[in-house]
Amino acid sequence: MTTENVASLVPILRDQIGDVNSWDDVKQLTVRIDRLTQWALPGLLCIGDAAHAMSPVGGVGVNLAVQDAVAAANILFDKFGAGEPSLDDLEDVQQRRLFPTQVTQVMQTVVQDRIINRALSGEDLKPPFVVRVINALPWLQGLTARLFGIGVRPEHVRSPEKT
C-alpha cells in the first residue's frame, strides 16, 4: 500500500502521510486488557493505566483513571495530613477501585469478542442476544450508556470542611 492509497482511503491524513517514508515510521499499538494483582507498595500507588490497561472499546480508560485519582484523594487526604499513608491505606484504594475495573474490563472484552472481532472477520454479523435486548428496551440503553459513560462506581470529590 502506498502513501497515495492511504491518502485516498483516509483523506484527513493527506497532509501527514507524506511524513511516512517506510514501515519503520509506523508504530503498532498493542491493545491489551489486564491489571496488576497488587497496585501498591510502601510509598507507591499505581492507578489508571499503571494499575489496569484498558481496551479503547467505549473510550472509558481515562474516565476510570480519573475516578481512581478521585478515590485515592478521598481515601488518602487525611492520611497525608498525619504524615505518610501506610501500605494498608494505599491498598484501600485498590480495594475501592478493583470491582469497577473488573466489571469495565469484562464489558470491554465481551464487546471486543462478540461484536468487533466478528465484524472484522467478515462473518455475518447478527447482534448478540444481549445487544438485541438492550436495543429493544430504552431504559437498558440508558443503563448501558451510563455504565460506559459514568462508570460502575462513580467517584465524587469529598472536600475537607473549611474552618
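Those letters in the sequence shown? Residues 1 to 163, by full-length UniProt numbering. Glycine included, each C-beta is placed from N, C-alpha and C at the ideal position.
**OP:** Could you tell me how far apart the beta carbons of L140 and V131 are, in whole angstroms, since I believe they sit closer than 8 Å?
**Re:** For this step, residue 140 is matched to residue 140 along the sequence shown. For this step, residue 131 is matched to residue 131 along the sequence shown. Their Cβ separation, rounded to whole angstroms, is 10 Å, which puts L140 and V131 out of contact at 8 Å.
Original post:
Quick one: what does DSSP say T163 is sitting in, helix, strand or coil?
Top reply: As a first step, residue 163 is located in the sequence shown; it is residue number 163 there, counting from the start. Note on T163: pLDDT 45, under 50, position unreliable in the model; no value is reported.
Subject >> Residue range of the unbroken alpha helix (DSSP H) whose run includes Q102 >> reply: As a working note, residue 102 is residue 102 in the sequence shown. Looking at the DSSP string, the run of the alpha helix (DSSP H) that includes Q102 is L87 to V111.
**OP:** Report the partner residues of A40 according to the DSSP bridge assignment.
**Re:** Residue numbering aside, residue 40 sits at position 40 when the sequence shown is read from its first letter. A40 pairs with L45.
**OP:** Output the boundary residues of the alpha helix (DSSP H) element that contains R132.
**Re:** On the sequence shown, residue 132 is found 132 positions in, with the first residue counted as 1. It spans F129 to A136 - the alpha helix (DSSP H) in which R132 sits, taken as one unbroken run.
Subject >> Member of D78, V62, D68 and H52 whose CA lies at the smallest distance from the CA of E161 >> reply: One-based indexing of the sequence shown puts residue 161 at position 161. When D78, V62, D68 and H52 are compared, the shortest CA-CA separation from E161 is found for D78.
Original post:
According to the Cβ coordinates, are residue 179 and P56 closer than 8 Å?
Top reply: The structure shown has nothing for residue 179, since the chain only spans 1 to 163.
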